[in-house]
Amino acid sequence: MLKLLQQTGRALLEPLRAILDRGFGPALNPLNFLGALTIYFFWIVTVSGIWLFIFFETSVIGAYESVEYLTHEQWYLGGLMRSLHRYASDAAIITLVLHIIKEFVYDRYRGMRWFSWVTGVPLLWLVIPLGITGYWLVWDQLAWYVALTSAELLDWLPIFSESMARNFLSSDVLSDRFFTLMAFMHLIGLPLFLVFGIWIHVLRINGPRINPPRMLMAVSLVAMIALSFVYPAFSQGEVDMTQVPESLGLDWYYLLVYPLLKVWSPAWVWGLLTGVSLLLCMVPWMPPQRPGSVAEVDLENCNGCARCADDCPFSAITMEQRSDGKAYDSEAVVDPSLCLTCGICVGSCPTATPFRRHSALSPGIDIPGLSAAVLRERVLEASERLQGSRRIIVFACQGSAKAAKINDPQTATLDVICAAQLPPPFLDFILSRKLADGVVMAGCAGGNCQYRFGAQWTEQRIARKRDPQLRKRVNADLIAQAWLEPWSGFRGTSAVVAALRDSMPGSAATDVEPSLPAVRGNPWKLPVLAAALALFAFIVGWLSVWPRFSLIGADEAMISVSLSHAGQRISECRKLSQEELNKLPPNMRKLDECPRERLPVKVTFTSNGNMLYQATLSPSGLWTDGESSAYQRLPVKAGMQQLFIGMVDSDRSEGFDYFLEENINLVPGQHLVVTFDGTVQEFVFKQE
Ligand code: HEM
Ligand code: SF4
Ligand code: SF4
């Protein structure tokens, strides 16, 4: 099942990667920097947010007005910052979702990568509330909907004894303290946790890429600024709690689940969210698990040089104090739980040289499943069957192996786990011993290396910029590199092989050349780049307000039932006799003894005789001695309604202790609040 999902995901993602490669080139392909781009968009959000904060007023009246001021009076900077703040937040969700999809479809979440995967899940629980609290602060009609719906969701949790949603039903109840709380969470609390969370997320990755290339930063910023000017972000009208907005432009990146509350109860929504999160957390341990023999250190041959520890992309190797009494300071120790069997450490070990005699080819570190000795064996075998004067051996990594396998009389392809598994002395060995006339190192395109640094380390070793370097005596012109995406696999590798063969000295008389297309320039670069950025900006802006969402139908009004009332005590208070009083300590003496526990409160609400809401509300508190609360949002048909609400707070079985009946003409979009005024002990239908 997971495999099928991965294959489908790849089938969808790879054409996109291929298109983006045309515009950005593999070194700048945004799909290779999704985690880093997410962080970069958060930087834009932070900088623009600081500007907004300078002018923002954390009060019911001031919030909306201050944002309006920024948007309209100061459109050239404040308005731009507001739009950038919104669109960069939305863009971060796009890159974040693609980041999750990409790590999943390329199977980069297993083994030690489980840590990054699992620590990524709480980040979702920080990022989404961060966006939600942002929308809350604007205090426009969308903010009202967000506040009300968030409160309904939170009310389901056993955190608050009183209903939070009731605070957002009429303006006389709403207080500034909510704004202060929201501002604190949005500006300080959640961002701090997010920074900490991201730090943990990349903690176990050796050299995580947290910054995208500068060029990519620049073009993404330009796209966001262009979108901000072309389609600035606006508020959606001042809050009027007596009216329900006809429809709202919802930011689907952050508020995707909110409309579900129209049809589902909060319990189902929480169930969905926690279910998806738990499922995500379990994914790294789901089958199919890939068995693999982890790297093993052979102390006999380890000189403690630490190159393997430097090169391991997963920090699986530590250098520890020598344990075998040899004259070296340290020795390499592999943590099997972190090793992903990439073989890169074998490529970095100076003792992994095929010039040693066969029996002695046991490097300081090796992969038992595909050892350096086996690799040398395969090279010798391949050499024996190669013919012609321009023989080439291709080393293809697992990621590219399937696509890149070229086997003809003068070409042999050998599999390696990762291109960087091949120690540079092997290249020397092949060329100096004339086992082949040229070598091609084929692997995943830069930035998308399955083992993160395989392509990079190989390039640097061949360029003699990283140890172990290719020896100076080796003619590097006879070594070609083919860092290619899987879709260009066979064709791409063939083109590199052909180009290398063409560049070699020697007669072509005996060789059979495969007919290959010439490598052409890329006339599509600029148009694809511009189209990709425009499309990205369009998607960011589009889902940020479209499709619009209606809270209620066009011919409906909304009634909110919201009350809090303490039921009567379960039995009458009893006067204590003098004798009983005497037995009590003086400070605890009271005339009456009343039971603590209260009766549940029963509420019935009908319209034109039809039941709209009926509930038996349990008293709150540990001792069931607190108030009973009701909160329900009900869409009803507009028009003349005979509304009746009745409440029983005693143990009577018939009739009501309190009730109110009224004929009200509800107009479409009207919001009527039905509540109980505790001071006068009466029901109220609040219309204004
Ligand atoms: C705020 C949200 C997130 C940010 C900013 C973020 C950022 C990053 C960064 C910068 C890296 C290092 C990439 C590299 O060096 O190649 C990374 C790695 C990773 N992330 Fe995230 N991430 C986020 C959320 C998530 C989520 C939700 C998941 C999955 C549920 C996830 C899964 C992973 C995995 C598996 C890796 C390791 C990749 C590897 O080892 O090649 N991330 N993330
Ligand atoms: S095989 Fe790869 S992950 Fe394992 S220790 Fe070597 S470099 Fe690290
Ligand atoms: S690279 Fe080889 S010799 Fe150097 S510490 Fe690692 S295992 Fe030992």
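Heads up, the sequence shown is in this note's numbering, so the first residue is 191 and it goes up one at a time.
All C-beta atoms in this analysis are idealised placements derived from N, C-alpha and C, irrespective of residue type, glycine included.
Note that the structure is predicted; figures quoted are calculated from it, not measured.
Screening all residues for a C-beta within a distance smaller than 5 Å of any heavy atom in ligand 3 leaves CYS492, ASN493, CYS495, ARG497, CYS498, ALA522, CYS539, GLY554, ILE555, in chain order.
Spatial neighbours of ASN597 in its own chain (CB-CB distance under 8 Å, excluding positions within 5 residues in sequence) are listed in chain order as THR603.
Contact check for PRO402 against ALA226 passes: the beta carbons are separated by less than 7 Å.
Given a length threshold of 4 residues, each whole run of the alpha helix (DSSP H) inside the region 327 to 361 is given here in chain order: 331 to 346. By alpha-carbon distance to PRO613, the top candidate from SER513, ARG581, ILE555, LYS595 is ILE555. Excluding sequence positions up to five before and after CYS539, its CB lies within less than 6 Å of the CB of CYS498, PRO553, GLY554, ILE555, all in the same chain and listed in chain order. Contact between the region 563 to 577 and the region 634 to 647 is not established, with fewer than three Cβ pairs separated by less than 8 Å. Annotation for GLY836: the continuous beta strand (DSSP E) segment containing it runs 829 to 838.
At a cut-off of 6 Å, the beta-carbon of VAL295 does not count as near ligand 1: no heavy atom of the ligand is closer than that. If you draw a straight line from the Cα of PHE369 to the Cα of ALA355, it is about 15 Å long.
A heavy atom of ligand 2 is found nearer than 6 Å to the CB of ALA506. Of the residues TYR421, ILE415, VAL235, the one whose Cα lies closest to the Cα of TRP736 is TYR421. For CYS498, the enclosing alpha helix (DSSP H) stretches over residues 497 to 501. A distance below 7 Å separates the beta carbons of ILE607 and GLY533. For ligand 1, no non-hydrogen atom lies closer than 6 Å to the CB of ILE349. Per DSSP, CYS784 is not a residue of any alpha helix (DSSP H), being assigned neither H nor E. DSSP places THR198 inside the alpha helix (DSSP H), whose first and last residues are 192 to 214.
Ordered by chain, the residues meeting the criterion of a beta-carbon within less than 6 Å of a non-hydrogen atom of ligand 1 are GLY225, ALA226, THR228, ILE229, LEU286, HIS289, ILE290, GLU293, ARG298, TYR299, ARG303, SER306, TRP307, GLY310, VAL311, LEU313, LEU314, VAL317, ILE388, HIS391, VAL392, ILE395, PRO398, ARG399, ILE400, LEU470, ARG642. In this structure, the CA atom of LEU314 is about 11 Å from the CA atom of LEU463.
By the CB criterion at 7 Å, VAL523 and ALA506 fall outside the cutoff. The shortest C-alpha to C-alpha distance from ALA341 to any of GLN804, TRP389, TYR448 is the one to TYR448. Leaving aside the five residues that flank LEU288 on each side, the residues in its chain whose CB is nearer than 6 Å to its CB run, in chain order, LEU224.
A residue is called buried when at least 16 other Cβ atoms come within 10 angstroms of its Cβ; PRO319 meets this threshold and is buried. Contact between the region 263 to 276 and the region 302 to 314 is absent: fewer than three C-beta pairs spanning the two stretches fall below 8 Å. DSSP places ILE669 in the uninterrupted beta strand (DSSP E) bounded by 669 to 674. Looking only at ARG546, GLY559, ALA626, the smallest Cα-Cα distance to ILE582 is reached by ALA626. Segment contact: the region 843 to 853 against the region 801 to 819, fewer than three CB-CB distances shorter than 8 Å; contact not assigned. Listed in chain order, the non-local C-beta contacts of VAL412 below 8 Å within the same chain comprise LEU723, local neighbours out to five positions each way being set aside. Annotation for THR531: no beta strand (DSSP E) segment contains it, and DSSP assigns it neither H nor E.
Between the alpha carbons of LYS292 and LEU203 lies a distance of about 8 Å. A Cβ-Cβ separation of about 6 Å places MET407 in contact with TYR230 under the 8 Å criterion. Using a cutoff of 6 Å, the CB of GLY533 counts as near ligand 2, since one of the ligand's heavy atoms is closer than that. Looking at ASN798, LEU489, SER425, the one whose alpha-carbon comes closest to that of ASP519 is LEU489. Just so you know, the alpha carbons of VAL235 and SER256 end up roughly 19 Å apart. In this chain, the alpha helix (DSSP H) harbouring PHE245 covers 224 to 245.
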